[in-house]
Amino acid sequence: MSAPDLPPFDPLALGEEEIAHPYPLYRRYRAAEPVHWSAASGAWYVFAYQPTVEVLASRDFTRGRLSFPPGCDALADLVSTWMVFLDPPRHTRLRSVLAGRFTHAAVRSLRPRVQRVADDLVAALGRRPEIDLVADFATRLPLYVMCDLLGLPAADRAWLHRSALALQQASSTRRGDYAAAERAARELGDYFRRAAREPAEHGLLAPLVRAGCDLDEVAGTGVHLLTAGHETTAHLIGKSMLALLGRPRVLRSRPVCTGDHVDELIRYDGPVQMVSRRARRDVVLGGRRVRADDKVVLVLGAANRDHDRFEQPDELRLDRSPRRHCGFGHGAHRCLGAALAGLEAQVALTALVRGLPAPRVAERPVRYHRDLIFHGPETLPLRTGWPV
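Take 217 as the starting number for the sequence shown in our numbering and just add one per residue.
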């Protein structure tokens with residue numbers, strides 16, 4: 217398909233099959249027009265690896281302004297404090313306070329805590345012949361781990377889980393329930409402001425308080441850590457397990473999942489498909505002239521399947537020599553929790569393939585969220601291999 221034949225890319229107009237499996241669509245756009253202007257969305261979409269990392273690393277692009285419908289004041293105020301939407305120097309100041317808690321060495325020390333959570337969740341599945349991997353395991357593990365790291369009571373987990381899911385209805389490619397997201401933003405903000413007044417000594421809120429961050433910054437960062445590490449890691453676990461289930465020979469060997477395996481699983485089908493920026497000034501990107509203040513959407517999932525960067529990119533090859541993917545971003549805004557998400561996925565996948573006797577996808581369909589930012593299954597019914 218040539219560039220003139222391509223319809224304007226519009227993630228809101230995609231069907232269920234394209235949402236679940238967007239890579240053939242990405243491939244068509246990348247081949248014909250890797251930097252594509254969509255009048256339907258009023259944005260540039262970048263489908264190739266090289267211009268994607270150029271934008272992620274460039275000071276010519278900013279996170280840009282966020283906009284919400286009228287009546288979403290609490291949501292707008294809360295999200296305006298999130299590191300992922302900030303530029304230096306405010307981004308640098310907040311990130312520097314927490315960076316030491318998320319280094320590879322610091323995260324390695326968390327393995328026993330993550331392992332306990334994973335083992336408890338597998339044990340809680342019992343010998344049920346069928347489970348929903350998303351509801352019964354994948355969403356719980358990162359939430360329980362992050363609640364522990366934030367120093368939040370275990371009794372609050374169920375409410376925090378519901379509130380985090382409601383807040384994520386405001387994702388820009390979901391036809392979301394903004395009223396539910398606004399209510400969740402108000403309630404979560406109040407909850408974390410209370411927690412910040414007496415933070416757990418060894419939790420992640422305490423260093424923010426000691427660094428002199430104001431109450432709204434501490435609360436907003438707490439909500440951000442809870443939600444960012446919740447849905448993305450849940451989708452990473454769910455989609456990675458789905459990919460492994462398509463390779464029964466691998467599962468039969470009961471492998472220990474490594475960091476390299478997780479990197480390849482993220483490259484192959486990562487949980488964050490798109491991030492956006494705005495141009496600070498006129499620039500040329502992939503041969504196209506991008507004007508100051510234009511919105512630029514980086515399709516990370518497409519960049520990670522670029523033939524110019526990866527050999528046979530549409531194949532999952534767990535023995536692939538690692539090459540830097542952009543599934544966790546790149547540059548100053550690379551995901552702060554990347555090492556933690558990787559560890560959680562390693563531990564979770566190993567626990568599942570060793571704890572379930574013969575897992576396979578159940579006959580019921582795997583249903584995906586209608587979302588190409590936080591991308592993953594809403595439900596993932598599995599037959600565990602235990603007898604009925």
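Beta carbons are placed, not taken as given, at the ideal position from N, Cα and C, and that holds for glycine.
* For D587, which of helix, strand or coil comes out of DSSP? -> coil
* Touching or not, the segment 585 to 593 and the segment 447 to 460, by the rule of three or more beta carbon pairs under 8 angstroms? -> yes
* Is the CB-CB distance between A557 and G462 below 8 angstroms? -> no
* Asked: Out of curiosity, what's the CA-to-CA distance linking A548 and G601?
  -> 44 angstroms
* Less than 8 angstroms between the CB atoms is what I'm expecting for P529 and D522, so what's the real figure, rounded? => 6 angstroms
* Would H546 be called buried (16 or more neighbouring beta carbons within 10 Å of its own) or exposed? -> buried
* To do: Measure the Cβ-Cβ separation of G517 and P328 and say whether it is below 8 angstroms.
  => no
* To do: Please classify P358: does DSSP put it in a helix, a strand, or coil?
  => helix
* Between R470 and the rest of its own chain, which residues show a CB-CB distance below 7 angstroms, the 5 nearest in sequence each way excluded? -> V569, R570
* Roughly how many angstroms lie between the CA atoms of L368 and G436, to the nearest whole one? -> 15 angstroms
* Could you tell me whether the Cβ atoms of R494 and T278 are closer together than 8 angstroms? => yes
* List the endpoints of the continuous alpha helix (DSSP H) containing H320. => 320 to 324
* Asked: Would you call the CB atoms of L420 and L366 closer than 8 angstroms?
  -> yes
* To do: Identify whether S312 lies in helix, strand or coil by the three-state DSSP scheme.
  => helix
* If you follow the alpha helix (DSSP H) that L461 is part of, which residue opens it and which one closes it? -> 431 to 461
* **8 angstroms Cβ cutoff met for A371 and A382** => no
* **Limits of the unbroken alpha helix (DSSP H) element including V425** => 421 to 426
* **Residue span of the alpha helix (DSSP H) that contains P240, given as start and end** => 239 to 248
* Please name the residue or residues paired with S254 in a DSSP beta bridge. => A259
* **From Q385, S537, F526, V478, residue whose alpha carbon lies closest to that of V563** => V478
* To do: Verify whether the separation of the beta carbon atoms of P224 and A255 is less than 8 angstroms.
  => yes
* Thinking P575 and R599 are a contact (beta carbons under 8 angstroms), I'd like their distance in whole angstroms, please. => 7 angstroms
* Asked: For L349, is the classification buried or exposed, using 16 other Cβ atoms within 10 angstroms of its Cβ as the cut-off for buried?
  -> buried
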